[in-house]
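Asks:
Number of protein chains: 2
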Amino acid sequence: MKKGLPGKILNEMRADIIRETYPIGSRLPSERELSEKYGASRFAVREAIAILAQGGFVETHPQSGTYVRDFFRHGSLDTLVQVLRVRKAIDRQTLESLLKFRLITETTAAAEAALRITGDELEYLKKNLEHKKSHPGDIAALSESDFDFHYTIIGISGNTISRLVFQSFRPVYGFFTDFFYSIRGVPEASLKLNMKLLRALGRHDAAASRKAMEETLKFGEKKVYEAIRGGGSVILLER
Amino acid sequence: MKKGLPGKILNEMRADIIRETYPIGSRLPSERELSEKYGASRFAVREAIAILAQGGFVETHPQSGTYVRDFFRHGSLDTLVQVLRVRKAIDRQTLESLLKFRLITETTAAAEAALRITGDELEYLKKNLEHKKSHPGDIAALSESDFDFHYTIIGISGNTISRLVFQSFRPVYGFFTDFFYSIRGVPEASLKLNMKLLRALGRHDAAASRKAMEETLKFGEKKVYEAIRGGGSVILLER
DNA sequence: ATGTGGATATTGGTTATACCAATTAATAAA
DNA sequence: TTTATTAATTGGTATAACCAATATCCACAT
Chain A
0 MKKGLPGKIL NEMRADIIRE TYPIGSRLPS ERELSEKYGA SRFAVREAIA
50 ILAQGGFVET HPQSGTYVRD FFRHGSLDTL VQVLRVRKAI DRQTLESLLK
100 FRLITETTAA AEAALRITGD ELEYLKKNLE HKKSHPGDIA ALSESDFDFH
150 YTIIGISGNT ISRLVFQSFR PVYGFFTDFF YSIRGVPEAS LKLNMKLLRA
200 LGRHDAAASR KAMEETLKFG EKKVYEAIRG GGSVILLER
Chain B
0 MKKGLPGKIL NEMRADIIRE TYPIGSRLPS ERELSEKYGA SRFAVREAIA
50 ILAQGGFVET HPQSGTYVRD FFRHGSLDTL VQVLRVRKAI DRQTLESLLK
100 FRLITETTAA AEAALRITGD ELEYLKKNLE HKKSHPGDIA ALSESDFDFH
150 YTIIGISGNT ISRLVFQSFR PVYGFFTDFF YSIRGVPEAS LKLNMKLLRA
200 LGRHDAAASR KAMEETLKFG EKKVYEAIRG GGSVILLER
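So, in structure tokens, the structure goes:
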């Protein structure tokens, strides 16, 4: 994250854009006005705008103004993640996309990982689950371990693209897992499924690993869908 | 892409970092030195550095300097794409990752698309292939149509994540397709496979669509691997 | 009343200069 | 040799100013 004064301005402006305080297509106040509003110099504002432009949130027309772009249309994965961060909500279609995406990429990753995993890597995953086991009530610890567990398996699978995509979601991953692990019975059941997966990886059994990952993810899907049943088209991610 | 003077500086500096003219971990020259080197003001340099920092290429330590980060480790998908743009080369592992990734995501997308595709969308894809057919020798046209064809199908599938990931590769997609369509016999064979896929989509046959997409992508893989056989660990993407 | 041309104010793009605070390097003192 | 002090360097920030292109508005001619 960007630090300092320009970083503060950046965050505020980005939030204003995402919350549509500045609607798509509208013109932002001039740099001079913005600098006055934020009590900062024009350059702090310019730096923030430059980064917003890079991120696909605005586009600048010299001698005319800076305009809000359709960031859903022109944005990247990082844009989506930033939108999720600010809104702390996800629409149903994007949630379904995400869960389906995880299913196909991570089951494949598990199968690949089974063929490649080393003793050290097995040991690392084992420690990860032990840590989970020893912190049954600590949601934050469970969340962090969960990310690490899945990220590590994708890393072992060797697929650079999947790894980078998964990495992109790190800033909002906790939104989902905090919610998930707060559901009664989930930490225990989840740990059990993780251990099943770990054993399959230890046997270098690709088919069983794929199956175990599928079970793990489908269990997660099921619990999440149950919890948000009737939640409308937009699902809040805040606790 | 960033325009103007800061944009020029940004591109040069990013290229220098990616080419390891400034090695990972090293300190960049001071802002004052850089501004002199590029014949620009310190602010133009600062704007460029701010964007580089946002992209995970550098990190700034006040009163000490700006240092090159390990952008492969901390970077996102966009980082990888920018690296490919500059290097015009891809290592074997990343190429394999990319092809495998496409296979699992796009076969699934084709199956989903078959269930959702509308008459207008079918018509659009049909026109796309007709355009391809009428420009048999025009590599640039074939490349652009190819991206559009696959991107449209992913869009129809409704998976937002897959769509955003595919979108991220747009800036370098041509590197691959320009190479691909230059191979003798490929344009014709590829078109034939695309048409088979289109027919399957038209019948709303998910299984056949998945199969046809698989054939299309595996044909591409095969041709690419044949062409780069013995090409070492790094494959050049330049023509 | 309407359309047109041109003066004027506004906007982003860029530079120059300056000061601060913290870090680092050089230097002097113990 | 070690420590304490000083000086130079660095990124962070602000003010002021000018340019060139754009948008706006008003006077003028139709």
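Line by line, the protein sequences are chains A and B. The opening residue of the first sequence carries number 0 in numbering that gives the first Met the number 0; numbering runs sequentially from there. The opening residue of the second sequence carries number 0 in numbering that gives the first Met the number 0; numbering runs sequentially from there. Cβ atoms here follow ideal geometry from the backbone N, Cα and C, with glycine treated the same way.
(1) At 4 residues or longer, what runs of the alpha helix (DSSP H) sit wholly inside the stretch 161 to 206 of chain B?
(2) I'd like to know whether the C-beta of aspartate 69/B is nearer than 8 Å to at least one C-beta of chain A.
(3) Determine the burial state of aspartate 77/A: buried for a count of at least 16 other Cβ atoms within 10 Å of its Cβ, exposed for fewer.
(4) Return the residue from the list His73/A, Gln92/A, Ala109/A, Thr117/A that minimises the CA-CA distance to serine 208/A.
(5) Using a Cβ-Cβ cutoff of less than 8 Å, which residues in the same chain neighbour serine 34/A once the five nearest sequence positions on both sides are dropped?
(6) What are the boundary residues of the alpha helix (DSSP H) that isoleucine 138/B is part of?
(7) Whole-angstrom Cβ separation of isoleucine 155/A and glutamate 120/A, contact assumed at under 8 Å?
(8) Counting Cβ pairs closer than 8 Å, one from the stretch 62 to 71 of chain A and one from the stretch 3 to 18 of chain B, do we hit at least three?
(9) Please identify the residue among Glu220/A, Asn193/A, Ala205/A whose C-alpha is closest to the C-alpha of phenylalanine 178/A.
(10) Give me the Cα-Cα distance between arginine 183/A and serine 189/A, rounded to the nearest whole angstrom.
(11) So is leucine 236/A in contact with chain B if we call contact Cβ pairs under 8 Å?
(12) Kindly say whether arginine 81/A, judged by its beta-carbon, lies nearer than 8 Å to any beta-carbon of chain B.
(13) Please go through the same chain and pick out, in chain order, the residues whose beta-carbon is closer than 7 Å to the beta-carbon of phenylalanine 70/A, but skip the five residues on each side of it.
(14) Just the chain B side, please: which residues come within less than 7 Å of asparagine 241/A by C-beta, in chain order?
(15) Indicate whether at least one CB of chain B lies closer than 8 Å to the CB of isoleucine 116/A.
(16) Count Cβ pairs between the stretch 99 to 113 of chain A and the stretch 90 to 105 of chain B that sit closer than 8 Å; are there 3 or more?
(17) Based on the DSSP output, what are the partners of leucine 235/A in its beta bridges?
(18) To be precise: take each residue of the stretch 37 to 52 of chain B, compare its Cβ to all Cβ atoms of chain A, and keep it if any distance is under 8 Å. Which residues remain?
(19) Enumerate, from N- to C-terminal direction, the unbroken alpha helix (DSSP H) stretches of 4 or more residues contained entirely within the stretch 3 to 44 of chain B.
(20) What are the residues of the stretch 166 to 185 of chain A that lie near chain B, defined by any Cβ-Cβ distance shorter than 8 Å?
(21) Can you tell me whether glycine 64/B is helix, strand or coil according to DSSP?
(22) Going by C-alpha distance, which of Arg84/B, Ser96/B, Ile153/B is nearest isoleucine 153/A?
(23) Quick one: list the residues of chain A neighbouring glutamine 62/B, beta-carbon separation under 8 Å, in chain order.
(24) Going by the CB atoms, is the gap between proline 61/B and alanine 49/A shorter than 8 Å?
(25) On the three-state DSSP scale, how would you describe threonine 117/B?
(26) With a CB to CB cut of under 7 Å and the five nearest residues on each side skipped, what residues in its chain are close to alanine 199/B?
(27) Going along the chain, which residues of its own chain have a beta-carbon closer than 8 Å to the beta-carbon of valine 80/B, five neighbours each way excluded?
(28) Three or more C-beta pairs under 8 Å: does that hold for the stretch 220 to 232 of chain A against the stretch 19 to 38 of chain B?
(29) Anything in chain B within Cβ reach of threonine 104/A, meaning under 9 Å, just list it in chain order.
(30) Applying the criterion that 16 or more other CB atoms from any shown protein chain within 10 Å of the CB defines a buried residue, is alanine 139/B buried or exposed?
(31) Measure the CB-CB distance between phenylalanine 174/B and leucine 236/B and report whether it falls below 8 Å.
(32) Assign histidine 149/B to buried or exposed, taking buried as 16 or more other Cβ atoms, counted over all protein chains shown, within 10 Å of its Cβ.
(33) Measure from the C-beta of lysine 195/A to each C-beta in chain B and report whether the shortest distance is under 8 Å.
(34) I need the boundaries of the alpha helix (DSSP H) containing phenylalanine 71/B, first residue and last residue.
(35) Excluding sequence positions up to five away, which residues of its chain have a Cβ less than 7 Å from the Cβ of alanine 88/A?
Replies: Taking the geometry as given:
(1) 169 to 180, 185 to 201
(2) no
(3) It counts as buried.
(4) Ala109/A
(5) Ser40, Arg41, Ala43, Val44
(6) First-last of the alpha helix (DSSP H) with isoleucine 138/B: 138 to 156.
(7) 5 Å
(8) They do not touch, by the three-pair rule.
(9) Glu220/A
(10) 11 Å
(11) no
(12) Note that residue 81/A is glutamine in the sequence shown, not arginine. Closer than 8 Å: no.
(13) Gly55, Phe56, Thr78
(14) The first residue shown for chain A is 0 and the last is 238, placing residue 241/A beyond what the model contains.
(15) no
(16) yes
(17) Ala88/A
(18) Listed by position, the residues of the stretch 37 to 52 of chain B near chain A (Cβ gap below 8 Å) are Phe42, Arg45, Glu46, Ala49, Ile50, Ala52.
(19) As far as the stretch 3 to 44 of chain B is concerned, its whole alpha helix (DSSP H) runs of at least 4 residues are 3 to 17, 30 to 36.
(20) Gln166, Ser167
(21) strand
(22) Ser96/B
(23) The contacting residues do not exist; glutamine 62/B stays about 13 Å from chain A at best.
(24) no
(25) In this structure, threonine 117/B counts as coil in the three-state DSSP scheme.
(26) Ala113, Ala207, Ser208, Ala211
(27) Around valine 80/B: Ser167, Phe168, Pro170, Val171.
(28) In this structure the stretch 220 to 232 of chain A does not touch the stretch 19 to 38 of chain B; the number of beta carbon pairs closer than 8 Å is below three.
(29) Phe100, Ile103, Thr104
(30) exposed
(31) yes
(32) buried
(33) Not one chain B Cβ lies under 8 Å of lysine 195/A.
(34) 70 to 73
(35) Val233, Ile234, Leu235, Leu236
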